[in-house]
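Going from the sequence shown to the working numbering is simple: count from 1 and add 19. First comes the structure, then the notes that go with it.
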Amino acid sequence: MLTHATERPPATAQGGNGEGLRDLPADPRGGNAFGGEEPGASNCFSGIFHETRSAASLAGGQPRPAHTVCWRDCDLNWERLQERALGALRDGRPALAAWNWRLAWLVARMRFDRRDPRQAASLANLGLAARLAGRERLACRRYAAALRRWGTVPAWIDTMTIARRGRSSLFHLQSEALHWDAYERSLRSDAMRLARDVASRLNAASRSQPPPGRTGDRWPGEKPATFDDLRKFLGAALLIAADTPGPDDNQD
Numbered sequence: 020m021l022t023h024a025t026e027r028p029p030a031t032a033q034g035g036n037g038e039g040l041r042d043l044p045a046d047p048r049g050g051n052a053f054g055g056e057e058p059g060a061s062n063c064f065s066g067i068f069h070e071t072r073s074a075a076s077l078a079g080g081q082p083r084p085a086h087t088v089c090w091r092d093c094d095l096n097w098e099r100l101q102e103r104a105l106g107a108l109r110d111g112r113p114a115l116a117a118w119n120w121r122l123a124w125l126v127a128r129m130r131f132d133r134r135d136p137r138q139a140a141s142l143a144n145l146g147l148a149a150r151l152a153g154r155e156r157l158a159c160r161r162y163a164a165a166l167r168r169w170g171t172v173p174a175w176i177d178t179m180t181i182a183r184r185g186r187s188s189l190f191h192l193q194s195e196a197l198h199w200d201a202y203e204r205s206l207r208s209d210a211m212r213l214a215r216d217v218a219s220r221l222n223a224a225s226r227s228q229p230p231p232g233r234t235g236d237r238w239p240g241e242k243p244a245t246f247d248d249l250r251k252f253l254g255a256a257l258l259i260a261a262d263t264p265g266p267d268d269n270q271d
């Protein structure tokens with residue numbers, strides 16, 4: 020377990036890179052990403068990609084808080100979409116879960132680097148969406164693609180930026196300051212172990228075998244309050260939904 024915290028997101032998340040919707044990628048399932056499945060879908064999508072001005076601009080060029088430097092609206096939106104999908108899945112609404120997973124995949128495709136672990140996580144959840152729809156071969160291909168992308172995660176962990184954590188006492192603040200290098204190494208080691216566990220789960224899912232554990236159940240209790248690369252990794256690792264494989268329908 021890497022962290023215990025409750026989320027207190029910044030009032031204004033960081034702005035993005037200003038990308039428009041003209042390069043909107045196709046839905047990975049094929050066809051239009053919206054397909055008329057949800058009323059007002061295009062408005063919802065446009066809202067997801069609306070980026071606010073950076074906090075630095077709003078503050079007249081003042082330095083941004085350390086806990087928000089690495090974060091943009093799209094980072095928080097990706098988390099929210101994955102959380103909504105898990106909630107819909109728990110409520111027995113797989114179509115709504117799949118809808119949110121597709122939107123999260125589009126966020127990842129348009130806003131995140133290809134090596135970002137959240138791209139692999141998004142593909143994995145699209146694999147579950149296909150599995151729930153009875154398209155087992157497609158599900159296995161998506162899980163296999165997610166596993167290939169997850170192969171870059173160890174290198175990503177080695178270079179990720181880990182911000183100093185907020186502490187509740189002066190003693191813990193001083194201890195962290197004195198032993199930060201050891202503390203950071205411990206966090207990276209824990210992240211590597213979790214990354215290996217996720218790789219095992221993706222490998223099992225790509226072979227139509229039941230993945231061990233349900234990491235999505237851990238996210239509410241382990242979501243960091245600090246907005247840094249470690250939170251991005253934990254979101255990718257812990258927001259991958261799990262389900263048992265379905266029968267092969269012989270569809271491509």
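C-beta atoms are modelled at their ideal positions from N, C-alpha and C, and glycine is treated no differently.
Inset, instruction - For my contact list, residue 145 and residue 126 are in at a C-beta cut-off of 8 Å; report their separation, rounded to the angstrom. - result: About 13 Å; that fails the 8 Å criterion.
Inset, instruction - Measuring alpha carbon to alpha carbon, tell me which of 246, 133 and 225 ends up nearest residue 154. - result: 225
Legend entry - Three or more C-beta pairs below 8 Å linking the stretch 132-139 and the stretch 191-209: no
Inset, instruction - Determine the burial state of residue 199: buried for a count of at least 16 other Cβ atoms within 10 Å of its Cβ, exposed for fewer. - result: exposed
Inset, instruction - Just the C-alpha distance for residue 217 and residue 169, rounded to the nearest angstrom, thanks. - result: 8 Å
Inset, instruction - Using three-state DSSP, classify residue 246 as helix, strand or coil. - result: coil
Legend entry - Sequence-distant residues of the same chain with beta carbon closer than 7 Å to residue 6, five excluded per side: Nothing can be reported for residue 6, as the shown portion of the chain is limited to 20 through 271.
Legend entry - Cβ shell of residue 262 (< 6 Å), same chain only, five flanking positions each side left out: 147
Legend entry - residue 222 vs residue 151 beta-carbon contact at 7 Å: no
Inset, instruction - Have a look at residue 91 and residue 250 and give me their C-alpha separation to the nearest angstrom. - result: 13 Å
Inset, instruction - Assign residue 141 to buried or exposed, taking buried as 16 or more other Cβ atoms, counted over all protein chains shown, within 10 Å of its Cβ. - result: buried
Inset, instruction - Between the Cα of residue 122 and those of 98, 254, 110 and 112, spot the shortest distance and give me the residue it belongs to. - result: 98
Inset, instruction - Name the two residues that bound the continuous alpha helix (DSSP H) containing residue 99. - result: 92-109
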